[in-house]
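Notes follow once the structure below has been shown.
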Amino acid sequence: MKKRTLLAAALSTVVVGGLGLLGVTTAHAAALNPAVAPGGNFNLSVWSLQLPIGSPGSPETISPARLKGANGYSNPAYFWTDKNDGSMTFWAPEKGVTTPNSKYARSELREMNANGSAADWSLAGNHTLSADLRIVSVTKNVAVGQVKLGTGGTSTKPLLELYYRANGDIYLGQQRSPTDGQTLHKLGNVPLGQRWTYVINVSGNKASLTVNGSKTNYTIPSSFNPYKQYFKAGSYNQSSSESTTNGAKVKFYALTVTHN
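Counting with mature numbering (1 follows the signal peptide of the UniProt record, and there is no 0), you get residues -29 to -1, 1 to 231 for the letters of the sequence shown.
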């Protein structure tokens, strides 16, 4: 079994996140250290970071080697440790540098392998992304977790995308085919500023999304079989304007990836 955790992992239904226990139904993250970089509280050796700065069409990317450890990378404007609660905090304004295929700025982690290469896993197997988080501010809508299409075809769309809206509604966007759009599934409502948990699981052509212990199952169409995938998590703001003060701020208290 190949495992990536913050400290250690048990079964797929119970994993360690942050410095505490994150389960499918509840999350109990112990006190995070507010005096260290995010890499001191989270295993960022299996993530790279994309920021909403850089040159047009080419956002700045921070490698796992720079992110990991208590003295790892942080950015006081876009990616930092909250000095009050130790949370890993992401800020994505409405105006920022974007990728060529998106008009929205993001401060977001992209899954990597332990050897530094880009993660790119097949649907076969069992793949889980678990998080304990809260959204502090959002203009309209923010994506806080994704299963993104990797190699295997021409599409770069997300297979699954988890959204949080300004009114607290949580939606899953499920891609209908590599060339089609998304079907939205409402998963619940969590007031702005309140902590909640999600677990995204992909196993073969089955997917599930668990929000605060409530699980919903989905079928992945066979048109995605040629593709490999990878996880993303953070603040991928879903609105754009000329404002650098409006945007989405997201705080993570636990974040764990497991594959087996």
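We put the CB at the ideal spot given by N, CA and C, even for glycine.
Just to confirm, are SER45 and PHE61 a CB contact at a threshold of 9 Å?
-> In the sequence shown, counting from the first residue as 1, residue 45 sits at position 74. In the sequence shown, counting from the first residue as 1, residue 61 sits at position 90. Against a cut-off of 9 Å, the Cβ pair of PHE61 and SER45 comes out as no contact.
Would you call the segment 84 to 100 and the segment 44 to 59 in contact, with 3 or more CB pairs under 8 Å?
-> no
Do VAL107 and LYS220 have their CB atoms nearer than 9 Å?
-> Position 136 of the sequence shown, counting from 1, holds the residue named residue 107. Position 249 of the sequence shown, counting from 1, holds the residue named residue 220. The answer is yes: Cβ separation under 9 Å.
Please name the residue, chosen from GLY43, GLY87, VAL173 and LYS54, that lies closest to HIS230 on a Cα-to-Cα basis.
-> Taking the first residue of the sequence shown as 1, we reach residue 230 at position 259. Selected option, being the one with the closest Cα: VAL173.
Is SER185 helix, strand or coil when you go by DSSP?
-> Here residue 185 corresponds to residue number 214 of the sequence shown, with the count starting at 1. Correct three-state label for SER185: strand.
Boundaries of the beta strand (DSSP E) in which ALA219 is found, first to last residue | Here residue 219 refers to the residue found at position 248 when the sequence shown is read from its first residue. Start and end: 218 to 230.
Looking at the unbroken alpha helix (DSSP H) that takes in GLY116, where does it start and where does it end?
-> As a working note, residue 116 is residue 145 in the sequence shown. Unbroken run through GLY116 is the beta strand (DSSP E), 112 to 120; no alpha helix (DSSP H).
Please list the segments of the beta strand (DSSP E) lying wholly inside the segment 124 to 210, counting only runs of 3 or more residues, in order along the chain.
-> 129 to 136, 140 to 146, 153 to 160, 167 to 174, 177 to 182, 185 to 190 and 200 to 208
Candidates GLU31, GLY116 and PRO129: which alpha carbon is nearest LEU22's?
-> Mapped onto the sequence shown, residue 22 falls at position 51. Looking at the Cα atoms, GLU31 is the closest of the given residues.
Note the first and the last residue of the continuous beta strand (DSSP E) segment covering LEU80.
-> The count along the sequence shown starts at 1 and reaches residue 80 at position 109. That run of the beta strand (DSSP E) goes 77 to 82.
Using DSSP bridges, identify the partner residues of SER19.
-> Position 48 of the sequence shown, counted from the start, is the residue given in the question as residue 19. ARG81.
In whole angstroms, what is the alpha-carbon distance linking ALA85 and PRO35?
-> Counted from its first residue, the sequence shown places residue 85 at position 114. Counted from its first residue, the sequence shown places residue 35 at position 64. Those two C-alpha atoms are separated by around 9 Å.
For ASP103, count neighbouring Cβ atoms within 10 angstroms of its own Cβ and tell me buried if that reaches 16, exposed if not.
-> Within the sequence shown, numbered from 1, the residue matching residue 103 stands at position 132. Looking at its Cβ environment, which holds 16 or more other Cβ atoms inside 10 Å, ASP103 is buried.
Find out if the Cβ-Cβ distance for the pair LEU80, SER19 is shorter than 9 Å.
-> Translated into the one-based positions of the sequence shown, residue 80 becomes position 109. Translated into the one-based positions of the sequence shown, residue 19 becomes position 48. Result yes, Cβ atoms of LEU80 and SER19 sit closer than 9 Å.
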